[in-house]
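J.:
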Amino acid sequence: MNDRTMRDDLQTVAYYPGCALEGTGHAYNRSTKRIAKKLGLNLVEIDNWNCCGAMEVKNIDPEVQNYLSVRNMAIAKHKMGMDVVMAPCNGCYHNLKKAEHDVTHKEETRKTLKKMADKTGQPEYKPGDVETIHALDWIKYAIGEENLARRVKHSLSGLKIANYYGCMYTRPRHIFPEKDQGEGSESTSKPHFMDDLLRAAGAEVVEFPLKTACCGGAHTLSDCDTSTRLVLNILQAAEACSADVIATECPTCHSGLEMHQIRAEETLGVKTQPVMLYFTQLLGLALGISPRQLGIHENISQSLGLLRQKGLV
Amino acid sequence: MTSFSEIERAILSVRDRPQEVINPAEHLLQMGEAILENWLIAHKQIPTQEKYEGFRLLGLHRQGAKLEPSFHACRETCRELIYQINLYHMKKDLEQITLASLVAMHLLLFIRGKMEIQELGEFCCNSKAVST
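These protein sequence lines map, in sequence, to chains S and C. The first sequence begins at 4 in the working numbering and counts up one residue at a time. The second sequence begins at 3 in the working numbering and counts up one residue at a time.
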């Protein structure tokens, strides 16, 4: 990354962990906070934050989902004086971006959200009040690859990684106007920020054809078998690319990959080798943070054996 | 029309024994088209023969996306399949065919999943809301 794309305004950001990072994605929360500390970046958690509306509310009433998202953004701006909200969960990131898009482009949404804000006594959110970024954007633009590479204590060399971004980080394209803007920006068809950062940490990043493919997360309860087969296909693609690890940046995808890997073995009799680690855990290892501090023991996927074998633990 | 189970068998045979299939890249592309044909026929459409950017697969995807906004979600999978096939034509490496067959399998699982559970709601995290 060149200096033109580095940003000084990301040293301190409003942190929106979202519900998943307090539950199944706890290790992602822990490792994100740990690497922030190590890199000298400040995360200020949004006061009294609420659910972003996730999937369920969207399908019932998209405006309620928009309101749930902008309430967090309004608190960050008007009560905390922050300009940037960082959401590490793909679902939260996606919903905040979608709310920003709707409030910017739809008069009806602005009217409805104002009514809801008045009714609840919360500050009104106006388009552009804050910028929502993902954890990948944050490290990429606040630290950058060169700076990150200089801070690496234990290179990830010898570790073959398939980077799995999931669907919500890049789709639908129209809610991410900052992407696909040429050099230095993220691509919606072939995202590369996670590849760039892990490569800077010394890892061998493999060409992975399913980096934005569906993991079946939305229907893991209603159509579990399809979710298992989608995940198995992702795992087999990672194996075909000779990857030891699938790096993730979404708690839903991560837990889906972990759970359906086990289910595929139990129900379909197909065992796959790749282990799953959050990209923040991998960066943390490279920065010299202990596996326990990064919550690696909290993952369902057992990666410690591989990490020992590669000399990273 | 080729059924989903026939398509699945065909993709698996390419994945597991690519060296035994004549013109495996073309075969996978045809299977990709057959997957989208299933979707269009189920939605009472006549699958187009038109190509977009030189590929009927992309023409079929465009046709499907006009009916159903959430169909955009498999656009990248269609394009990735074509990309992998192009790489195969360039390198003539059967490992590329294995990857292309895994991409084709993902397209099958996603579309079949969408069709199987339409009554349950939208099979796509990043789709537009069903109520809009």
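By construction, the Cβ of each residue, glycine as well, lies at the ideal position given by its N, Cα and C atoms.
Does the segment 99 to 106 of chain C come close enough to the segment 11 to 26 of chain C to have 3 or more Cβ pairs within less than 8 Å?
T.: Yes, the segment 99 to 106 of chain C touches the segment 11 to 26 of chain C.
J.: Just reading off the alpha helix (DSSP H) that V273/S is part of, what are its end residues?
T.: Counting from one through the first sequence, the residue named residue 273/S turns up at place 270. That residue, V273/S, is in no alpha helix (DSSP H); it is neither H nor E in DSSP.
J.: Please confirm whether V278/S and V248/S have their CB atoms less than 8 Å apart.
T.: For the purposes of this step, residue 278/S is identified with residue 275 of the first sequence, where counting begins at 1. For the purposes of this step, residue 248/S is identified with residue 245 of the first sequence, where counting begins at 1. For V278/S and V248/S, yes; Cβs fall inside 8 Å.
J.: Bridge partners of V60/S, per DSSP?
T.: Your numbering for residue 60/S matches position 57 in the first sequence. Here V60/S is not bridged, per DSSP, to any residue.
J.: Are L200/S and L297/S touching if we call contact CB-CB under 8 Å?
T.: Reading the first sequence from its first residue, position 197 is the one you call residue 200/S. Reading the first sequence from its first residue, position 294 is the one you call residue 297/S. The answer is no: Cβ separation not under 8 Å.
J.: Distance cutoff 8 Å, beta carbons only. Does C92/S sit that close to anything in chain C?
T.: Locating residue 92/S in the first sequence gives position 89, where the first residue counts as 1. C92/S does not count as touching chain C.
J.: Give me the DSSP bridge partner(s) of F57/C.
T.: Counting from one through the second sequence, the residue named residue 57/C turns up at place 55. Paired residue(s): Y54/C.
J.: Can you list, in chain order, the residues of its chain whose CB lies under 8 Å from that of Q21/C, leaving out five sequence neighbours each side?
T.: In the second sequence, residue 21/C corresponds to position 19, counting from 1. If we look at Q21/C and ignore the five residues flanking it on each side, its Cβ neighbours are L96.
J.: For H1/S, write down the residues that DSSP places opposite it in a beta bridge.
T.: Given a span of 4 to 316 for chain S in the structure shown, any question on residue 1/S remains unanswerable.
J.: Restricting to Cα atoms, I'd like to know which of T112/S, K156/S and E48/S is closest to Q68/S.
T.: Against the first sequence, residue 68/S aligns to sequence position 65. Taking only the C-alpha atoms, the option nearest Q68/S is T112/S.
J.: Should A23/S and S158/S be called a contact, given that it needs their Cβ atoms to be closer than 8 Å?
T.: In the first sequence, the residue the question calls residue 23/S occupies position 20. In the first sequence, the residue the question calls residue 158/S occupies position 155. No. Outside cutoff.
J.: List the endpoints of the continuous beta strand (DSSP E) containing L46/S.
T.: Working through the first sequence from its first residue, we reach residue 46/S at position 43. It spans N45 to E48 - the beta strand (DSSP E) in which L46/S sits, taken as one unbroken run.
J.: Mind pulling the chain C residues with CB within less than 8 Å of Q239/S?
T.: The residue you call residue 239/S lines up with position 236 of the first sequence. Near Q239/S (Cβ distances below 8 Å), the residues of chain C are L104.
J.: Report the three-state DSSP secondary structure of A17/S (helix, strand or coil).
T.: Counted from its first residue, the first sequence places residue 17/S at position 14. Three-state result, A17/S: strand.
J.: Output, in chain order, the set of chain S residues within a Cβ distance shorter than 9 Å of H29/C.
T.: Numbered from 1 along the second sequence, position 27 holds the residue referred to as residue 29/C. Within chain S, no residue comes near H29/C; the closest Cβ sits about 18 Å away, beyond 9 Å.
J.: If I measure Cβ to Cβ from H137/S and keep anything under 6 Å in the same chain, skipping five residues before and after, which residues do I get?
T.: Counted from its first residue, the first sequence places residue 137/S at position 134. Y96, listed in sequence order.
J.: Using CA coordinates, which residue listed in A90/S, G169/S, T35/S and A204/S is at the minimum distance from R153/S?
T.: Within the first sequence, numbered from 1, the residue matching residue 153/S stands at position 150. Of the candidates A90/S, G169/S, T35/S and A204/S, the one whose C-alpha sits nearest the C-alpha of R153/S is A204/S.
J.: Contact check, V73/S vs A17/S under 8 Å by CB: the rounded distance?
T.: Numbered from its first residue, the first sequence carries residue 73/S at position 70. Numbered from its first residue, the first sequence carries residue 17/S at position 14. Going by Cβ atoms, the distance from V73/S to A17/S rounds to 13 Å, so no, they are not a contact pair.
J.: Return the residues of the segment 40 to 59 of chain C that lie within a Cβ-Cβ distance of less than 9 Å from chain S, sorted by chain order.
T.: Against chain S - using a Cβ distance shorter than 9 Å - the segment 40 to 59 of chain C contributes no residues.
J.: On the criterion of 16 or more Cβ atoms from any shown chain inside 10 Å, does T8/S qualify as buried, or is it exposed?
T.: As a first step, residue 8/S is located in the first sequence; it is residue number 5 there, counting from the start. Per the 10 Å Cβ criterion, exposed.
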